[in-house]
Amino acid sequence: MPHDTNFGLGSLWAQGDAISHAVAVLLLLMSLGSWYLIVRKSLRLLGQRSRAAAVDAFWLAPRLADGLNVLTSRAPGSSFDELAHHADLAITHFDNRGTQTLGASLERGEFLTRALRQSIARSTARLESGLTTLASIGSTAPFVGLFGTVWGIYHALVGISVSGAATLDRVAGPVGEALIMTAAGLFVAIPAVLAYNAFNRANRVELAELDAFAHDLHAFFTTGARLTGAAARPRATEAAQGRDR
C-alpha cells in the first residue's frame, strides 16, 4: 500500500519545531529587509541621469543664484544640490564674518575646501547607508538556511527513528523538505549580494562625479571661472580610480 504523504512548505512548517520556525521567520525578515533596501536604492538610481543633467544646466545658468535654483528644481535634495548650496553658504559666511571666527586664520580657499569636504562626507555616509545590511544578509543568509536544513534533517531523523519506519519514502519526504531551508537561504542571499555589488559600483561613480563637481565649484568660487577641458577630467578619473582600489 502506498503511503499517504503530503510534501511541501505546509508540511515542513507543520512538522517543524520552535527552532525551525524561528529560522524560517528570520529568513523571511532578512528577505523583506534586503528587498526594501534594493527597491529604495533602485528608485534613487533612476534619477541619476536627471541629476547629471541638472549639473550641466547649473553651469549653463547666467548667474549663481539661477544655477542654484536649477539644481533645487531639477535635483532637489541630491548630493550635488547640497554641495553647491553648502559651498555658496560657506563663501557667504566667510566673506561676511570670516574675521570674527576661529576660521579667520584660514584662507578663503581653505575654508571653502573644508565645507566641500564636510558636504561630501555627509553624502558618502548617506549613499553607503544600508550597504552594510545588504552585505551582512548576503553573507549570513546561506548559513542561516544551512542551519535550518541541518536542524530539520535532525528533527526528521529523530521522528523516523521513533516511528521505526526507515523506508525510502518515509526518509525522502522529511529530508527533502528540510533542504528547502538551504534553498531559502540562497534565495535571500543572492539578490542581496548582487544588489550590494551594483550599488557599490554606482556609488563609486556618483562620488567620483561629486568630487569633480566639488573641484569645479572650488575653482569657480576662488577664481571666478570653472575648469574646462582636459584640466577638469583627470580629477574625476583619479577619484574613480582611488575608490576602485
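Counted from 1, the sequence shown has number 144 at position 31 by this note's numbering; the numbering is strictly sequential.
Just so you know, even glycine gets a beta-carbon here, dropped at the ideal spot from N, CA and C.
Asked: The stretch 150 to 157 touching the stretch 241 to 252, judged by at least three CB pairs closer than 8 Å; Found: yes
Asked: Reduced DSSP secondary structure (H/G/I, E/B, other) of serine 133; Found: helix
Asked: Sub-8 Å separation of leucine 145 and alanine 254 beta-carbons; Found: no
Asked: Separation of glycine 160 from alanine 228, as counted between CA atoms; Found: 25 Å
Asked: Closest residue to alanine 379 among Gly258, Leu292 and His328 (Cα-Cα distance); Found: Lying before the first or after the last residue shown, residue 379 is absent from the chain, which here runs from 114 to 358.
Asked: Nearest-angstrom beta carbon gap, valine 257 and valine 136 [assumed within contact, 8 Å]; Found: 6 Å
Asked: Own chain, CB closer than 7 Å to isoleucine 266, minus 5 neighbours either side, in chain order; Found: Val288 and Ala291
Asked: Span of the alpha helix (DSSP H), counted from its first residue to its last, around arginine 162; Found: 161 to 173
Asked: Element boundaries [alpha helix (DSSP H), containing serine 236]; Found: 221 to 241
Asked: Residues of its chain near alanine 166, where Cβ-Cβ distance is below 8 Å and the 5 sequence neighbours each way are ignored; Found: Arg187
Asked: At least 3 beta-carbon pairs within less than 8 Å: the stretch 319 to 330 vs the stretch 232 to 239; Found: yes
Asked: Three-state secondary structure (DSSP) of proline 255; Found: helix
Asked: Endpoints, the alpha helix (DSSP H) within which glycine 180 is located; Found: 177 to 187
Asked: Proline 304 to threonine 336 span [Cα, whole Å]; Found: 47 Å
Asked: Which of helix, strand or coil DSSP assigns to serine 191; Found: coil
Asked: Anticipated Cβ contact below 8 Å, leucine 259 with threonine 295, distance rounded; Found: 6 Å
Asked: Own chain, CB closer than 6 Å to alanine 345, minus 5 neighbours either side, in chain order; Found: Because alanine 345 sits at a pLDDT of 49, beneath the cut-off of 50, its placement in the model cannot be relied upon, and the point is left open.
Asked: Of the listed residues Glu319, Thr205 and Leu299, nearest to leucine 158 (C-alpha basis); Found: Glu319
Asked: Whole-angstrom distance between glutamate 223 and lysine 154, CA atom to CA atom; Found: 34 Å
Asked: Cut-off 8 Å between Cβ atoms - residues of its own chain near alanine 338, not counting five sequence neighbours on either side; Found: Ala332
Asked: Expected contact under 8 Å - CB spacing of valine 361 and glycine 251 to nearest Å; Found: Outside the modelled stretch of the chain, which goes from 114 to 358, sits residue 361, for which no answer is possible.
Asked: Contact test: threonine 246 Cβ vs the ligand COA heavy atom, cutoff 7 Å; Found: By its list of ligands, the structure shown contains no ligand whatsoever, and the ligand COA lies outside what it can speak to.
Asked: Nearest candidate by alpha-carbon position, reference threonine 205, set Phe193, Ser192 and Leu177; Found: Leu177
Asked: Pair within 8 Å by beta-carbon distance, histidine 198 and leucine 181; Found: yes
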